[in-house]
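**Student:**
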Amino acid sequence: MKMKAAQAMVECLKAENIKVVYGYPGAAICPFYDALMDAENDIKHVLVRHEANGGHAANGFARISGKPAVCIATSGPGATNLITAIATAYADSIPIVCITGQVNTDQIGSDVFQEADITGAAEPFVKHSYLLKDPKELPRVFKEAFYIAGTGRPGPVLIDVPMDVQKMELDFEYPETVDIRGYKPTTKGNYLQIKRVLSALEEAHKPLICIGGGVFASHAQQEIKELAHKMEIPVITTMMGISVFSDDDPLFYGMLGMHGVKSANMAVKECDVLFLVGARVGDRAVRTPLALEKTTKILHIDIDPAEIGKNIGADYPLVGDAKSVLSQMLEMASPMEHKEWIAHLDTYKTPRTFVAANNGTVNPREFMVKLSKAMPDNTVVVADVGQNQIWTATGYHIKEGGRFLTAGGMGTMGYSVPAAIGARMADPSRPVMAICGDGAFQMEFMELGTAVQHGVNIKIMVMTNNCLGMVRELQANGYNGRETAVYLDGSPDFIKLAEAYGIQALRVTDEASMNEAIKLLSETDQLCLVEVRVDEKAATL
Amino acid sequence: MKHTISVLVENHSGVLSRISGLFSRRGFNIESLAVGPTQDPTISRITIIADGNEHTVEQIEKQLNKLIEVIKVKTLSKDECLARELMIVKIACTADKRSEVMTIADITGAKVMDITLTTMTLELCDTYAHLKRFEEIVTPYNILEMVRTGTIAIQKGAEVIAPKK
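Line by line, the protein sequences are chains E and B.
Counting from 1, one number per residue, gives the positions in the first sequence under this note's numbering.
Counting from 1001, one number per residue, gives the positions in the second sequence under this note's numbering.
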């Protein structure tokens, strides 16, 4: 069918079953926006207040829907603002498709107004990118972009479309299949190697499973739970793997790493076989992989061959999709018991105790534990970056059906609120709560307007200590207490700020207000904000 | 240790920048890189000489393979590799030195491309090691200008590097 390329772009999104897009218009993307207007019954456009937040919202949407999500920006600064979101999605392997406008084809390279080489600038952070110069290529490029973003190891794909190309005509037909000769991700694991991995796991006396974000990417949550229980193997996760297991699961020993919990780190230290599933052994999770590979037999499943052997040597490397590999292992595995090993690990699970907080503040970990016990089971909690992230990762009690999101790889401040907006829109039946500090919140609070405008009822918890807590702590401990550039004097009154947006807000300074806030967060489905005052000296761990 | 890596890529604009960008951001050292079309006009072939230990070369191969436009990657071992590189060198050479230089060219297999009253320009196509020796020999004649391509390489024997059917 003959149509304008801009309209064909919309048809591509419809064909990919895209219902929501996040974006920010500008001159170079206006032809596409004009076409999008005619499709408003099929595709809802959400106007974010900053392009990076459009990328984070698409990120949150993709993580909850399990499918690629879309964000849009104009040329030049619009596109460069997206880069942080692209890099964030790349680091965490989140499938997003970013559409940017570009200046007219004949102007490319002449430094015209709002021109930026975005395919060049974003190159290190994309799984793939396209600069679309011929409208005839458009259907294939869109089909490939969604395919590449969502298959294999997922990641961001960028499509840069010059304005004149958007206005050109083409004969539109959306391709049904994709054939890219340089892209054939391995999904099925080698059968013999799967058998070897399984027998190494069966022969172990103190086996341990370490789950990473790859388990979510491959939708293998059920398979890994069944395997762990069938073989009675203790489980730990990286930060990206949190919420695959519920904190109530007796086989679960928490998050490992430099900010992890004792039970998880002792389990890594003492296990004889470590089974890594979709975990890339990042430096925050395993600080000394070379020492670990000497003492421990490493079994490593990953869909990305480059992750195997990159950070840690594997005795049993296995390239494949976790869901497919684990299902095969489940069929072959026989039930086992590791009572002694589990009883031993249980001794590292120490009951939580909370020190009393100073006047006018609450203990953040105590609040986190109490709040999480009250929240509905299926809550999605989105942690930002810094102390709030670690308190959430280790203190928030995940129940069966719950979900934890964070920008684990890139550590992008200002992720939580826009990602929460995306997560909530992907599944409006689930409560979604962003948890951030007063540092990150001031990088993202413009999105309160987005939430109000589009009626996205997220809950926001801002932990305020008037400083960048984790950096302050680093300076206190690592730089002889020379604290610099970490105090946030000049911050607004966050309650008044929320109220200025017409958002219900509440401040927590003591036990009474803590209980009131927990009631608000756990019982209302309205957009609301809770400020939690914490001591600036409160420790991360 | 030096490695010869052959890479088949889509003949698109921007592919080379993706590859060179990958090497610089992952800290891989490129000694030389040569690129040109193949008998299939949609495919270009890149020959990369890279420096690094085995772990590095494994990572280079794997990371290259992740690029969508990379069709095939193969590291060629020294014994199975036919490699050539081209050098053009302009040296200061007046009439009294010409026959000496001609003798050197004869022995080394270099060809005289151009000659003036004060210079001679020679070309030599051979292995990296031979080119290095040749450079040492002509250095005393005062090299005015030198230009070389990167190494290109192909496997010995009947085996070929081709995209999967």
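Glycine included, each C-beta is placed from N, C-alpha and C at the ideal position.
These figures come from a predicted structure and were not determined experimentally.
#1: Could you tell me which residues DSSP pairs with Val273(E) in its beta bridges?
#2: Taking only runs that begin and end inside the segment 29-56 of chain E, name each unbroken alpha helix (DSSP H) of 4 or more residues, in chain order.
#3: Would you say the segment 471-487 of chain E touches the segment 416-426 of chain E, given that touching needs at least three Cβ pairs under 8 Å?
#4: Roughly how many angstroms lie between the CA atoms of His229(E) and Val382(E), to the nearest whole one?
#5: Only counting the same chain, and skipping five residues up and downstream in sequence, which positions put a Cβ closer than 6 Å to that of Thr947(B)?
#6: Who are Glu404(E)'s beta bridge partners in DSSP?
#7: Nearest by alpha-carbon distance to Val1070(B): which of Asp1079(B), Ile1060(B) and Thr1121(B) is it?
#8: Distance cutoff 8 Å, beta carbons only. Does Ile118(E) sit that close to anything in chain B?
#9: Give a yes or no on whether 8 Å exceeds the smallest Cβ distance from Val1070(B) to chain E.
#10: Does DSSP put Tyr501(E) in a helix, a strand or coil?
#11: What's the gap between the Cα of Ala1158(B) and the Cα of Ser1077(B)?
#12: Can you list, in chain order, the residues of the segment 1035-1062 of chain B whose Cβ is nearer than 8 Å to any Cβ on chain E?
#13: Give a yes or no on contact between the segment 38-54 of chain E and the segment 110-129 of chain E, applying the rule of three or more CB pairs nearer than 8 Å.
#14: What residue range does the alpha helix (DSSP H) around Asp164(E) cover?
#15: How long is the line joining the alpha carbons of Met496(E) and Gly449(E), rounded to whole angstroms?
#16: Hey, how far is the Cα of Ser324(E) from the Cα of Ile118(E)?
#17: Just to check my reading of the structure: Ile211(E) and Ala122(E) have Cβ atoms closer than 8 Å, yes? What is that Cβ distance to the nearest angstrom?
#18: Determine the closest residue to Thr353(E) out of Asp346(E), Asn363(E), Thr88(E) and His344(E), with distance taken between C-alpha atoms.
#19: Closest to Gly1014(B) by CA distance: which of Gly120(E), Glu270(E), Tyr183(E) and Val70(E) is it?
#20: Could you pull out every residue in the same chain whose Cβ sits closer than 6 Å to the Cβ of Thr100(E), ignoring the five residues on either side in sequence?
#21: Using three-state DSSP, classify His1055(B) as helix, strand or coil.
#22: Which stretch, first to last residue, makes up the beta strand (DSSP E) that contains Ser1032(B)?
#23: Assess, as a yes-or-no matter, whether the segment 427-439 of chain E is touched by the segment 103-110 of chain E under the definition of 3 or more beta carbon pairs within less than 8 Å.
#24: What is the residue span of the beta strand (DSSP E) that Leu527(E) lies within?
#25: Going by other Cβ atoms of all chains shown within 10 Å of its Cβ, with 16 needed for buried, is Gln387(E) buried or exposed?
#26: Would you call Arg153(E) buried or exposed, if buried means 16 or more other Cβ atoms sit within 10 Å of its Cβ?
#27: Answer yes or no: do Lys399(E) and Asp248(E) have a C-beta to C-beta separation smaller than 8 Å?
#28: Could you please tell me which residues of the segment 1015-1029 of chain B, in chain order, have their CB closer than 9 Å to any CB of chain E?
#29: Using the three-state DSSP reduction, which class does Cys467(E) fall into: helix, strand or coil?
#30: In three-state terms, what does DSSP make of Met368(E)?
#31: Would you mind telling me which residues of chain B sit closer than 9 Å to Gly182(E), beta carbon to beta carbon, in chain order?
#32: Could you check where the alpha helix (DSSP H) with Leu1086(B) kicks off and where it finishes?
#33: Helix or strand or just coil, what does DSSP make of Asp92(E)?
#34: I'd like to confirm the pairing. Which residues does DSSP put opposite Glu144(E) in its beta bridges?
#35: I'd like to know if the segment 366-381 of chain E and the segment 429-438 of chain E are in contact, where contact means that at least 3 CB-CB pairs between them fall below 8 Å.
#36: Give a yes or no on whether 8 Å exceeds the smallest Cβ distance from Lys136(E) to chain B.
**Tutor:** The structure says:
#1: In the first sequence, residue 273(E) corresponds to position 273, counting from 1. According to DSSP, Val273(E) bridges with Pro207(E) and Lys297(E).
#2: 30-37
#3: no
#4: For this step, residue 229(E) is matched to residue 229 along the first sequence. For this step, residue 382(E) is matched to residue 382 along the first sequence. Their backbone Cα atoms lie some 28 Å apart in a straight line.
#5: The requested residue 947(B) is not part of the displayed model; chain B covers only 1001 to 1165.
#6: Numbered from its first residue, the first sequence carries residue 404(E) at position 404. It should be pointed out that residue 404(E) corresponds to Phe in this sequence rather than to Glu. Per DSSP, Val381(E).
#7: Locating residue 1070(B) in the second sequence gives position 70, counting from the first residue. Ranking the options by Cα distance to Val1070(B), first place goes to Ile1060(B).
#8: Against the first sequence, residue 118(E) aligns to sequence position 118. No - not a single Cβ of chain B is within 8 Å of the one on Ile118(E).
#9: Here residue 1070(B) refers to the residue found at position 70 of the second sequence. Yes, because at least one Cβ of chain E sits closer than 8 Å to the Cβ of Val1070(B).
#10: Position 501 of the first sequence, counted from the start, is the residue given in the question as residue 501(E). Tyr501(E) falls in the coil class under three-state DSSP.
#11: Residue mapping note: residue 1158(B) aligns to position 158 of the second sequence, counting from 1. Residue mapping note: residue 1077(B) aligns to position 77 of the second sequence, counting from 1. In a straight line, the C-alpha of Ala1158(B) is about 15 Å away from that of Ser1077(B).
#12: His1055, Glu1058, Gln1059 and Lys1062
#13: no
#14: One-based indexing of the first sequence puts residue 164(E) at position 164. Counting along the chain, the alpha helix (DSSP H) containing Asp164(E) begins and ends at Met163 to Lys167.
#15: Within the first sequence, the letter at position 496 stands for residue 496(E). Within the first sequence, the letter at position 449 stands for residue 449(E). The amino acid at residue 496(E) is misidentified as Met; the sequence shows Lys. Those two C-alpha atoms are separated by around 14 Å.
#16: What you label residue 324(E) is simply residue 324 of the first sequence in a count that begins at 1. What you label residue 118(E) is simply residue 118 of the first sequence in a count that begins at 1. The alpha-carbon atoms of Ser324(E) and Ile118(E) are separated by roughly 36 Å.
#17: Taking the first sequence and counting its residues from 1, the one referred to as residue 211(E) is at position 211. Taking the first sequence and counting its residues from 1, the one referred to as residue 122(E) is at position 122. Not quite, the Cβ-Cβ distance comes to about 30 Å (not below 8 Å), so this is no contact.
#18: The count along the first sequence starts at 1 and reaches residue 353(E) at position 353. When only C-alpha atoms are compared, the closest one is Asn363(E).
#19: The residue labelled residue 1014(B) in the question sits at position 14 within the second sequence. The shortest C-alpha separation from Gly1014(B) is found at Gly120(E).
#20: The count along the first sequence starts at 1 and reaches residue 100(E) at position 100. Excluding positions up to five away in sequence, the list reads Ala73, Ala79, Ile118 and Asp160.
#21: Locating residue 1055(B) in the second sequence gives position 55, counting from the first residue. Helix at His1055(B).
#22: Position 32 of the second sequence, counting from 1, holds the residue named residue 1032(B). Counting along the chain, the beta strand (DSSP E) containing Ser1032(B) begins and ends at Asn1029 to Pro1037.
#23: no
#24: By 1-based counting over the first sequence, the position of residue 527(E) is 527. No beta strand (DSSP E) holds Leu527(E); DSSP gives it neither H nor E.
#25: Counting from one through the first sequence, the residue named residue 387(E) turns up at place 387. By the neighbour-count rule (16 or more Cβ atoms within 10 Å), Gln387(E) is buried.
#26: The residue given as residue 153(E) occupies position 153 in the first sequence. Under this definition Arg153(E) is a buried residue.
#27: On the first sequence, position 399 is the one that residue 399(E) refers to. On the first sequence, position 248 is the one that residue 248(E) refers to. Their beta carbons are under 8 Å apart, which means Lys399(E) touches Asp248(E) by this criterion.
#28: Ser1017, Arg1018, Gly1021, Leu1022 and Arg1025
#29: In the first sequence, the residue the question calls residue 467(E) occupies position 467. Looking at Cys467(E) - three-state DSSP - the assignment turns out to be strand.
#30: Here the question's residue 368(E) lines up with position 368 in the first sequence. Helix at Met368(E).
#31: In the first sequence, the residue the question calls residue 182(E) occupies position 182. In chain order: Leu1008, Val1009, Glu1010, Asn1065, Leu1067, Ile1068, Glu1069, Val1070, Ile1071, Lys1072 and Pro1163.
#32: Numbered from 1 along the second sequence, position 86 holds the residue referred to as residue 1086(B). No alpha helix (DSSP H) holds Leu1086(B); the beta strand (DSSP E) holding it covers Cys1081 to Ala1092.
#33: As a position in the first sequence, residue 92(E) is number 92, starting the count at 1. Looking at Asp92(E) - three-state DSSP - the assignment turns out to be coil, as it is neither helix nor strand.
#34: Start at 1 with the first residue of the first sequence, and residue 144(E) comes out as number 144. Glu144(E) pairs with nothing; no bridge assigned.
#35: yes
#36: For the purposes of this step, residue 136(E) is taken as residue 136 along the first sequence, with counting starting at 1. Chain B contact via Cβ: absent.
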